[in-house]
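Going by the UniProt record's numbering, the sequence shown opens with residue 1, and the numbers climb by one from there. No residue lacks a Cβ here, since even glycine has one placed at the ideal position from N, Cα and C.
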Amino acid sequence: MIEEKVVQKIGILGAMREEITPILELFGVDFEEISLGGNVFHKGVYNDKEIVVAYSKIGKVHSTLTTTSMILAFGVQKVLFSGVAGSLIKDLKINDLLVAQQLVQHDVDLSAFDHPLGFIPESAIFIETSKDLNALAKKIANEQNITLKEGIIASGDQFVHSKERKEFLTSEFKASAVEMEGASVAFVCQKFGVPCCVLRSISDNADEKADISFDAFLEKSAKTSAKFLKSMVDEL
Numbered sequence: 001m002i003e004e005k006v007v008q009k010i011g012i013l014g015a016m017r018e019e020i021t022p023i024l025e026l027f028g029v030d031f032e033e034i035s036l037g038g039n040v041f042h043k044g045v046y047n048d049k050e051i052v053v054a055y056s057k058i059g060k061v062h063s064t065l066t067t068t069s070m071i072l073a074f075g076v077q078k079v080l081f082s083g084v085a086g087s088l089i090k091d092l093k094i095n096d097l098l099v100a101q102q103l104v105q106h107d108v109d110l111s112a113f114d115h116p117l118g119f120i121p122e123s124a125i126f127i128e129t130s131k132d133l134n135a136l137a138k139k140i141a142n143e144q145n146i147t148l149k150e151g152i153i154a155s156g157d158q159f160v161h162s163k164e165r166k167e168f169l170t171s172e173f174k175a176s177a178v179e180m181e182g183a184s185v186a187f188v189c190q191k192f193g194v195p196c197c198v199l200r201s202i203s204d205n206a207d208e209k210a211d212i213s214f215d216a217f218l219e220k221s222a223k224t225s226a227k228f229l230k231s232m233v234d235e236l
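As structure tokens, this is what we get:
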């Protein structure tokens with residue numbers, strides 16, 4: 001048996017099973033399942049690339065654990081996050097794609113100590129993603145005639161579903177979308193020096209009807225993000 005030569009290792013993350021199911025189907029390779037730290041990692045070889053796919057479960061703690069495991073245990077050299085998010089601005093509609101230039105933890109509040117919202121000592125408020133990976137995403141979007149927006153994504157351990165919270169996130173952080181994992185994934189990648197891209201497809205408008213919209217559009221939006229992510233892997 002001839003072993004396939006692996007050129008690079010790429011980690012692919014989602015928060016929910018529904019977000020990685022279309023990813024596994026699109027790549028169409030035989031994945032080995034490896035259990036570690038309460039997660040199942042799907043490892044396979046695709047076009048000379050070793051890809052490791054997992055869903056972290058919802059929230060910043062779970063996504064921190066899974067991202068750290070991918071980097072330290074599997075040695076991934078890039079991390080791509082694919083999933084859904086709630087729109088905070090009128091320009092982002094259901095099923096639109098957004099790539100994060102920066103991310104922020106919107107639920108961090110140390111204002112009692114005169115710190116700005118989102119700030120933790122020895123850390124920046126806004127977490128940067130990879131300019132190279134984001135440039136690749138824009139290139140692919142242009143080639144495929146897909147509208148890909150760029151902006152700030154706010155992450156926190158709450159499902160945002162109110163006009164008041166939306167207005168706070170846009171006024172305080174200038175955020176375009178909100179979700180529950182991206183900032184922690186980007187933070188871990190930044191600290192370990194691993195390039196990261198956070199790609200989100202809009203599933204709801206983060207308003208009072210967000211729970212209904214989320215359930216209705218989760219599958220379609222997850223597939224949109226997954227298909228675009230595969231195009232990125234094809235060019236890495």
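Return helix, strand or coil for residue i, following the three-state DSSP convention.
| i | result |
| --- | --- |
| A177 | strand |
| Q190 | helix |
| M1 | Model confidence at M1 stands at a pLDDT of 40, short of 50, so the residue's coordinates are unreliable; what they give is reported in the following sentence. M1 falls in the coil class under three-state DSSP. |
| I127 | strand |
| A15 | coil |
| N39 | strand |
| F119 | coil |
| I146 | coil |
| S162 | coil |
| I10 | strand |
| V233 | helix |
| residue 252 | A query on residue 252 cannot be resolved here, the shown segment of the chain reaching from 1 to 236 and no further. |
| K209 | coil |
| V185 | helix |
Can you check whether the CB of residue j is closer than 7 Å to the CB of residue i?
| i | j | result |
| --- | --- | --- |
| T134 | T224 | First, the residue type needs correcting, since residue 134 is Asn and not Thr in the sequence shown. No, Cβ-Cβ distance for N134 and T224 is not below 7 Å. |
| E150 | V194 | no |
| S56 | A226 | no |
| F119 | I125 | yes |
| V198 | G86 | no |
| F192 | I71 | yes |
| V52 | F41 | yes |
| A63 | S184 | Here residue 63 is Ser; the residue named in the question, Ala, does not match the sequence. In contact: S63 and S184 (Cβ atoms closer than 7 Å). |
| L103 | S155 | yes |
| L169 | L36 | no |
| Q190 | Q77 | no |
| S148 | L117 | The question names Ser, but residue 148 is Leu in the sequence shown. For L148 and L117, no; Cβs fall outside 7 Å. |
Pull up the distance between the alpha-carbon of residue i and that of residue j, whole angstroms please.
| i | j | result |
| --- | --- | --- |
| V84 | D157 | 15 Å |
| E235 | L229 | 10 Å |
| V79 | I12 | 6 Å |
| Y46 | S231 | 12 Å |
| F173 | G14 | 24 Å |
| S203 | T129 | 22 Å |
| M1 | F31 | Model confidence at M1 stands at a pLDDT of 40, short of 50, so the residue's coordinates are unreliable; what they give is reported in the following sentence. Approximately 17 Å, taken between the alpha carbons. |
| S162 | F217 | 18 Å |
| K43 | S171 | 41 Å |
| S113 | H106 | Position check: residue 113 holds Phe in this sequence, whereas Ser was assumed. The alpha-carbon atoms of F113 and H106 are separated by roughly 17 Å. |
| V61 | G38 | 12 Å |
| L92 | T67 | 27 Å |
| K139 | K131 | 12 Å |
| A73 | M16 | 21 Å |
| E19 | L26 | 12 Å |
| C196 | R165 | 27 Å |
| A186 | S123 | 13 Å |
| D109 | P22 | 36 Å |
Return the Cβ separation of residue i and residue j in integer angstroms, given the expectation that the two are a contact with Cβ distance under 8 Å.
| i | j | result |
| --- | --- | --- |
| I146 | S176 | That pair is no contact at about 17 Å. |
| I10 | V233 | 6 Å |
| E181 | G59 | 7 Å |
Could you pull the start and end residues of the beta strand (DSSP E) that residue i belongs to?
| i | result |
| --- | --- |
| S111 | Premise fails: S111 is in no beta strand (DSSP E) and is neither H nor E. |
| F74 | It is not in any beta strand (DSSP E) - F74 instead sits in the alpha helix (DSSP H) that spans K60 to F74. |
| S201 | C196 to D204 |
| S87 | K78 to S87 |
| Q101 | L97 to Q105 |
| I94 | First-last for I94: undefined, no H or E at that position. |
| V53 | K49 to Y55 |
Closer than 6 Å to a non-hydrogen atom of the ligand SAM - does that hold for the CB of residue i?
| i | result |
| --- | --- |
| M180 | The ligand SAM is absent from the structure shown, which contains no ligands of any kind. |
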